[in-house]
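Encoded as structure tokens, the structure appears first; notes follow it.
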Amino acid sequence: MPDSPFEYAPAPESRDIANLKPAYRPFINGEFVDGAGEPLKSINPATEEVLAEVSTASKSDVDTAVKAARRAYEKSWGKMPGAERAKYIFRLARLIQERARELAVLESLDNGKPIKESRDSDIPTAAAHFFYHAGWADKLDYAGYGPDPRPLGVAGQVIPWNFPLLMLAWKIAPALATGNTVVLKPAETTPLTALVFAEICQQAELPPGVVNILPGAGDIGAELVGHPDVNKIAFTGSTEVGKLIQRTVAGTPKKLTLELGGKAANVVFDDAPLDQAVEGIVNGIFFNQGHVCCAGSRLLVQESIVDEVLAKLRYRVSTLRIGDPLDKNTDIGAINSREQLTKIQELVDSGDTEGAQRWTSPCPVPERGFFFAPTVFSDVQQSMRIAREEIFGPVLSVLTFRTPEEAVTKANNTPYGLSAGIWTEKGSRILWMANQLRAGVVWANTFNRFDPAAPFGGYQESGFGREGGRTGLEAYLDV
Amino acid sequence: MSDRLSVTKTYKLYIGGKFPRSESGRSYPVSDAKGKFLANAAHASRKDVRDAVVAARKAFGGWSGATAYNRGQVLFRVAEVLEGRRDQFVSEVSACEGVPAKKAESLVDTAIDRWVWYAGWTDKIATVLGAANPVAGPYFSFTVPEPTGVVGVLAPQSSSLLGLVSVLAPVLATGSTAVVVSSAERPLPAITLSEVLATSDVPGGVANILTGRAAELGSWLASHGDVNALDPTGAAEADRAELAKAAAGTVKRVLSVPAEEPDWTAQPDIKRLRRYLEAKTVWHPLGV
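First to last, the sequence lines map onto chains A and B. Just so we're aligned, residue 500 is where the first sequence starts under this note's numbering, counting upward by one. Just so we're aligned, residue 2 is where the second sequence starts under this note's numbering, counting upward by one.
Here it is, written out as structure tokens:
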């Protein structure tokens, strides 16, 4: 780390705000119930301490929850006027805003992400998703799918651990707005905010069964996906599991949307505003410890400026603070689980073996907990695993190109297609690149922007379907 | 009776703008609805499917990159040439579907009109499905539909022309390219359609038409790593789950289609266009 004129005293957020309880339970038909599955312990990845014991669902609980959702769909939610549904969803949005600080602290405890991100990004955006979709509930006639588009019924939703509450919002808000009821399985390692969201559903007096939350592992997700009385499956997670789900759903009338992995190219031209670009690169790969499916994990730099970019990048990265997620000064928090840390380590080792040049930030790394120092590989070839496989950690691979055409070819040289970045001052080149890149989201001179009004989703093996905007409603309508 | 012997035609595949025989050397007899021999059609093989996918991928950049106006013109040109061949289509549809000439005329007319309808969508679909996103921040964010890529189409088995046009035209209108397996028992209108495509400004490889068996060729299309979407309309219902499973290997978009062949004479909506489009969202900061 360079000698910094700035030294920060620790500024920890109080963990008491999280209202952490010793035990959490599944939420079925409007009630917290004991799940019949094996209880799990949710741990704080920054300290490895047990945060709470969580009762999990069994296969029979999945069935009970689907039945409750079906009843709620038929008896109340599915036939409720859109304007009434809207008010419930507005309530959810407001309650999330009211409890934002509690949710942010809890999210950082459970997930390991820095409090500045959960506080300023995850939780406000989650509330925004409910607010945005609430307004759609009584305007679906105008969504472009013909008059009076119908809901699908019961939606089974499986979400990942990288943005636990935000992914919940991305799934539940549009499902409810369009008149569906929901059974959602949060990730095994991050169930806590979803279960506080269940409390919020109670506070909003949402009719019982409209939202059901079932903590559990992959087997419970598989049970939900395979359940014959579920009409729609929405999944966000790895491409590998996405393919399994697509296979399971094949041949059934279930409607499916998948948000899967990515290996985004972040393309920097020699005329780019370099300081801004470096900020964008850092944000693109180190936001949320790189646990982002649309992370800019492949940096493509025009050859003439690669040394300059690398120098600036290394300097900037070395100033990132890694440590206590609850410290407001922390830039990079904990890796979500030991399992994930092992995966990152394994892929990074492959980078060494295959001959890439590894640079690791010299920043001090906590001794306890799951942490991985920001790492930048240069001299990366397209054939290397670190250029092809999703690492899902704070690891950047730097490749070079000479011409815009070469940049496009290299950027598109992946089975994924979720996102891409472009950095250049030349407007016409931005628009040309944006056309050429085979990716669902293209950020130009910015990165990692999300908004409920802007559709998000992938090309190719990054999945199908969109979340957000008018386009996103299609996933939950029979059209 | 005339003493002139008619010249019979050898029916071939349509791949990359050319008319090859099947690589396998196979052919199969095609009969009319009454069982009378009409022709031997080329019996496409797995290799033909692969060649067609290569051709479709090669053509994708140019076709998807053409202006919507240009694609509309090219597709409208197809309708013009279809119209010129109207009588030939009527007799082929009548023969292979076993319908009276009047009915066949109506089916062919609807097919031509359908092609015109889809041709007109090329430069409207982005307006209808795209958006300027009102995001909460100083960014210009817009969403445009883009073609999904190479589409494998198992054409309807019964409706030899109207059904085929109804499933192929939307693929081409979006800017995607197609590999089509024709109706197995009623392939002649499909072969004639490929002659129309070859002579109407559609770049070679944009549409590839294979005569053969959906049951055999469908699985190669469904599992092919360079096919982005699959329309299983012409597959037997019993085979569709397997096709959809194979398609999962590369996260293909699989069209959800009704169990039975629908009434193709009904006016379609834009559902089929939507299925072959991705939504791309582009962001840029606002500032001075």
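Note that the Cβ used here is the ideal one computed from N, Cα and C, for glycine as well.
In the three-state scheme derived from DSSP, where H, G and I count as helix and E and B as strand, residue 900 of chain A is classed as strand. Just so you know, the alpha carbons of residue 941 of chain A and residue 645 of chain A end up roughly 29 Å apart. Secondary structure of residue 959 of chain A (DSSP, three-state): helix.
For the pair of segments examined, the stretch 152-163 of chain B was found to touch the stretch 172-189 of chain B: the number of CB pairs separated by less than 8 Å reaches three.
Measuring C-alpha to C-alpha distances from residue 251 of chain B to each of A:741, A:567, A:754 and A:964 identifies A:741 as the nearest. Using a Cβ-Cβ cut-off of 9 Å, residue 647 of chain A does not count as an interface residue toward chain B, since no Cβ of chain B sits closer than that to its own.
Within chain B, 251 and 252 have C-beta atoms less than 9 Å from the C-beta of residue 960 of chain A, given in sequence order. Rounded to whole angstroms, the Cβ separation of residue 76 of chain B and residue 123 of chain B is 7 Å, and the two are in contact under 8 Å.
In the displayed model, residue 85 of chain B falls within a helix according to three-state DSSP. Around the C-beta of residue 254 of chain B, 16 or more other C-beta atoms lie within 10 Å, and the residue is accordingly described as buried.
By DSSP's assignment, residue 754 of chain A forms a beta bridge with A:731. With its beta carbon at least 9 Å from every one in chain A, residue 237 of chain B lies outside the interface. Its Cα nearest to that of residue 246 of chain B, the residue B:220 stands out among B:91, B:220, B:203 and B:153. One alpha carbon belongs to residue 966 of chain A, the other to residue 635 of chain A, and they sit about 14 Å apart. Separation of residue 872 of chain A and residue 233 of chain B (C-alpha to C-alpha, rounded to the nearest whole angstrom) is 48 Å. Along the stretch 658-733 of chain A, the beta strand (DSSP E) occurs as fully enclosed runs of 3 or more residues at 680-684 and 710-712, listed in sequence order. The C-beta of residue 944 of chain A comes closer than 9 Å to at least one C-beta of chain B. Among the CB atoms of chain A, one or more fall inside 9 Å of the CB of residue 270 of chain B. Shown here, residue 153 of chain B sits in a strand according to DSSP, grouped into three states. Judged by pairs of C-beta atoms under 8 Å, the stretch 701-720 of chain A touches the stretch 589-604 of chain A, as three or more such pairs exist. Looking at the DSSP output, residue 655 of chain A bridges to A:682 and A:732. Residue environment for residue 861 of chain A: exposed (fewer than 16 other C-beta atoms within 10 angstroms of its C-beta). For residue 757 of chain A, at least one C-beta of chain B is nearer than 9 Å to its own C-beta. Spanning the alpha carbons of residue 42 of chain B and residue 90 of chain B requires a straight line of approximately 17 Å. By the Cβ test, the stretch 190-206 of chain B is not in contact with the stretch 147-154 of chain B, since fewer than three Cβ pairs between them sit closer than 8 Å.
Nearest C-alpha to residue 954 of chain A among A:944, A:945, A:650 and A:938: A:938. Beta bridge pairing from DSSP links residue 527 of chain A with A:530. At a cut-off of 9 Å between C-beta atoms, residue 973 of chain A counts as an interface residue with respect to chain B.
By the neighbour-count criterion, in which a residue is buried when 16 or more other Cβ atoms sit within 10 angstroms of its Cβ, residue 935 of chain A is buried. Within chain B, the residues 285 have their CB atoms less than 8 Å from the CB of residue 929 of chain A, given in chain order.
Taking a Cβ-Cβ cut-off of 7 Å, the neighbours of residue 136 of chain B in chain A comprise 950, 952 and 953, given in sequence order. When Cβ-Cβ separations below 9 Å define contact, residue 66 of chain B makes contact with chain A. For residue 213 of chain B and residue 237 of chain B, the gap between their C-alpha atoms comes out near 14 Å. Rounded to the nearest whole angstrom, the CA to CA distance from residue 816 of chain A to residue 807 of chain A is 14 Å.
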